[in-house]
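*Asks:* Protein chains in written order, with the working numbering: chain E, 319 to 498; chain R, 125 to 630.
(1) Over what stretch of residues does the alpha helix (DSSP H) that includes residue 544 of chain R continue unbroken?
(2) Please state whether DSSP places residue 406 of chain E in a helix, a strand or coil.
(3) Give me the chain E residues within the contact set of residue 516 of chain R, using Cβ-Cβ distance strictly less than 9 Å, ordered along the chain.
(4) In the DSSP output, which residue or residues are listed as bridge partners for residue 554 of chain R?
(5) Would you say residue 483 of chain E faces chain R, with C-beta separation under 7 Å as the test?
(6) Hey, quick one: how far does the beta strand (DSSP E) through residue 387 of chain E stretch, first residue to last?
(7) To the nearest angstrom, how far is the alpha carbon of residue 392 of chain R from that of residue 436 of chain E?
(8) Could you list the residues in the stretch 453-473 of chain E with a C-beta less than 8 Å from some C-beta on chain R, going in chain order?
(9) How big is the Cα-Cα spacing for residue 280 of chain R and residue 619 of chain R?
(10) Less than 7 Å between the C-beta atoms of residue 453 of chain R and residue 392 of chain E, yes or no?
(11) Taking all protein chains shown into account, do 16 or more other C-beta atoms lie within 10 angstroms of the C-beta of residue 331 of chain R, making it buried, or fewer, making it exposed?
(12) Taking CB distances under 7 Å as the criterion, tell me whether residue 382 of chain E reaches chain R.
(13) When you compare each of E/369, E/337 and E/327 to residue 488 of chain E by their alpha carbons, which one comes out closest?
(14) Could you check where the alpha helix (DSSP H) with residue 278 of chain R kicks off and where it finishes?
(15) Distance check for residue 291 of chain R and residue 277 of chain R, CA to CA, integer angstroms please.
(16) State whether the stretch 456-463 of chain R contacts the stretch 473-482 of chain R, with contact taken as three or more CB pairs (one from each stretch) at a distance under 8 Å.
(17) Output yes or no for whether 7 Å exceeds the beta carbon distance between residue 416 of chain E and residue 464 of chain E.
(18) Less than 7 Å between the C-beta atoms of residue 224 of chain R and residue 240 of chain R, yes or no?
(19) Give the straight-line distance between the Cα atoms of residue 333 of chain E and residue 387 of chain E, rounded to the nearest whole angstrom.
(20) With a 10 Å radius around its C-beta and 16 neighbouring C-beta atoms as the bar for buried, classify residue 510 of chain R as buried or exposed.
(21) Report the CB separation of residue 394 of chain E from residue 420 of chain E in whole angstroms; it is logged as a contact under 8 Å.
(22) Counting only beta-carbon atoms, is residue 444 of chain E nearer than 7 Å to chain R?
(23) Tell me the rounded alpha-carbon separation between residue 409 of chain R and residue 300 of chain R.
(24) Just to confirm before moving on: does the CB-CB distance between residue 521 of chain R and residue 565 of chain R stay below 7 Å?
(25) Does the beta-carbon of residue 366 of chain R have 16 or more other beta-carbons within 10 angstroms, so that it is buried, or is it exposed?
(26) Are the beta-carbon atoms of residue 194 of chain R and residue 571 of chain R separated by less than 7 Å?
(27) Would you call the stretch 550-566 of chain R and the stretch 369-382 of chain R in contact, with 3 or more CB pairs under 8 Å?
(28) Which partner residues does residue 151 of chain R have in the DSSP bridge list?
(29) With a 10 Å radius around its C-beta and 16 neighbouring C-beta atoms as the bar for buried, classify residue 128 of chain R as buried or exposed.
(30) For a contact defined as C-beta to C-beta under 7 Å, what are the partners of residue 403 of chain R on chain E?
(31) I'd like to know whether the C-beta atoms of residue 233 of chain R and residue 174 of chain R end up nearer to each other than 7 Å.
(32) DSSP three-state call for residue 357 of chain E: helix, strand or coil?
(33) Helix, strand or coil for residue 448 of chain R? Go by DSSP, reduced to three states.
(34) Return the Cβ separation of residue 630 of chain R and residue 316 of chain R in integer angstroms, given the expectation that the two are a contact with Cβ distance under 8 Å.
(35) Go ahead and pull the three-state DSSP assignment for residue 340 of chain E.
(36) Check residue 255 of chain R in the structure and name its three-state DSSP category.
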């Protein structure tokens with residue numbers, strides 16, 4: 319064991335240098351992110367008490383979208399500072415984030431996950447596949463986009479959507495929600 | 125005919141099919157195919173992939189001593205073939221899938237349960253002779269374990285984390301796992317059906333999405349296969365840029381997964397630290413090639429995006445920062461006994477099993493099976509590059525993590541060499557369509573050997589294409605390594621394998 323434990327070094331470095339989140343990242347624009355977070359905070363407070371719990375469901379994705387969901391949770395985007403967090407059960411969720419085209423083998427599981435989510439609930443279909451099946455549309459094994467199985471409130475386009483697109487998409491959802 | 129016979133000597137009893145490149149393809153009659161199955165019990169030939177057509181079954185083989193590679197095909201107009209899975213358990217799931225998709229019956233195979241077909245497609249044998257069904261899901265008979273105090277834990281297909289869907293059925297005694305059985309196929313998208321008849325460019329987009337985390341490897345294998353089929357030579361700069369992208373992909377995946385393994389042992393700071401490093405790689409990807417995950421950047425004929433003027437310095441800077449940050453993280457890992465306690469001795473895969481199943485990638489290399497497609501069979505430009513292939517014998521979570529850490533160091537070294545030696549010239553050459561052909565590509569993804577086989581028609585369309593994921597040979601081994609471990613260590617073992625659901629389910 320070195321004289322100064324490595325964990326102490328890492329923590330000290332971050333304390334001295336400040337968080338990775340706000341420092342000179344080329345994209346997304348840090349100011350934009352803060353703005354998004356502010357707007358998100360204001361509107362979500364009305365309905366959702368400043369927090370939004372998301373349950374991710376892979377309904378047939380190639381796992382590209384999952385990689386970007388992981389990315390919005392990394393310290394650089396740090397989704398949780400906006401009060402948005404991913405939860406482990408649909409019963410704890412306000413939003414279902416559905417990735418991929420819906421494969422027939424996952425259709426029932428997706429429907430049951432939706433049924434297990436308490437109202438009010440919103441469904442966000444992530445990625446081009448989530449919209450209409452994308453490049454997998456027309457297959458014997460694919461039902462189509464997420465809306466083929468459950469009602470969808472918002473689509474976030476991209477293959478896969480970037481973390482920034484994912485965040486601004488969730489903001490759009492909140493605007494829709496408060497207009498209701 | 126038993127005894128010492130090489131793969132090529134054996135296959136020469138069949139008829140060589142013209143126009144299959146770069147490795148030959150032989151058609152075997154029923155008798156010779158059956159002898160092949162017998163020979164598999166005494167030889168060390170490996171199955172690299174097995175797939176079907178409406179009335180033919182193909183198996184990609186490698187002679188382990190000679191390194192010779194060839195496809196053996198067996199026309200089976202009567203709809204059945206002698207199963208190789210009895211001799212080689214790695215082929216069992218492949219042959220069950222062949223039956224599901226093409227309706228060819230693997231004779232002699234003990235496990236005849238459907239694999240990809242859950243009874244929900246509304247059609248049976250969709251790629252063979254399709255027959256409509258009522259779409260009522262099958263009842264799947266899981267293997268059982270009986271004894272005092274045994275209980276079952278069903279998990280999935282929807283998991284608690286942000287991961288892909290699959291079902292795990294545990295039989296446990298107290299905390300200890302007695303038996304794990306996987307049921308996969310939930311994300312089956314019918315990719316082979318979609319590929320048939322598509323123009324090469326459209327097919328390339330689909331193949332790039334077989335498994336999103338290995339998109340560069342899949343695109344590269346597809347490009348190799350199409351270029352081999354058409355006798356096309358990509359320009360040298362494209363070859364080197366492809367390797368550059370492949371190493372960036374390897375780097376990003378290894379970084380994040382090492383963090384995620386530690387996170388599954390409740391040591392979250394590694395994930396935060398390495399997740400931030402991964403972000404550096406993805407941003408360099410975006411700046412240099414225009415896509416964070418490098419999707420659709422490798423295309424048949426070359427690459428779709430050349431480096432911008434400031435590309436080399438961006439990548440060098442990224443490699444420098446990632447290298448420094450990574451060594452800090454590994455120092456932390458190596459000096460945290462509570463973390464090492466979780467990873468060491470957990471989920472041990474024996475070398476014998478790894479060899480028996482032909483497990484590739486870090487799963488094989490952490491259990492003394494030291495093969496890497498970049499060396500064996502090898503492809504350009506790796507013959508001009510110096511890199512080590514780390515191999516360990518312990519086979520536990522720690523060994524898999526350490527092998528991946530060494531591969532990160534090797535990839536950083538490769539990036540440096542590629543950026544130094546990157547040749548000038550065009551980054552793509554338009555594909556010339558000269559006649560039909562069949563081609564094969566074998567590429568090392570971060571996970572292991574990705575195989576793509578393709579048949580291209582005169583008009584430049586994909587007649588048939590089969591992408592094979594390394595996970596086929598790794599998933600069954602996860603069932604073996606969890607035995608005797610505690611349930612709480614399953615996420616750790618699972619993440620240390622990190623098999624692809626989408627790649628396996630197709």
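Every residue, glycine too, gets a C-beta built ideally from N, C-alpha and C.
*Replies:* Walking through what the data contain:
(1) 521-545
(2) coil
(3) The premise fails here: residue 516 of chain R is roughly 23 Å from chain E at the closest Cβ pair, so nothing lies under 9 Å.
(4) In the DSSP output, where bridge partners are listed per residue, residue 554 of chain R has none listed.
(5) no
(6) Per DSSP, residue 387 of chain E belongs to no beta strand (DSSP E); it is in the alpha helix (DSSP H), 382-390.
(7) 30 Å
(8) 453, 454, 456, 457, 458, 459 and 460
(9) 16 Å
(10) no
(11) buried
(12) yes
(13) E/369
(14) Careful: residue 278 of chain R lies outside any alpha helix (DSSP H), inside the beta strand (DSSP E) at 274-279.
(15) 11 Å
(16) no
(17) yes
(18) yes
(19) 26 Å
(20) exposed
(21) With a Cβ gap of about 31 Å, residue 394 of chain E and residue 420 of chain E do not count as contacting.
(22) no
(23) 43 Å
(24) no
(25) buried
(26) no
(27) no
(28) R/139 and R/197
(29) exposed
(30) 389, 392 and 394
(31) no
(32) With a pLDDT of only 45 at residue 357 of chain E, under 50, the local geometry of the prediction cannot be trusted, and the value read off the model is given with reservation. In the structure shown, residue 357 of chain E sits in a helix (DSSP, three-state: H, G or I).
(33) helix
(34) 6 Å
(35) Confidence in residue 340 of chain E is poor, its pLDDT being 45 and thus under 50, which makes the residue's placement unreliable; the coordinate value appears in the next sentence. In the structure shown, residue 340 of chain E sits in a helix (DSSP, three-state: H, G or I).
(36) strand
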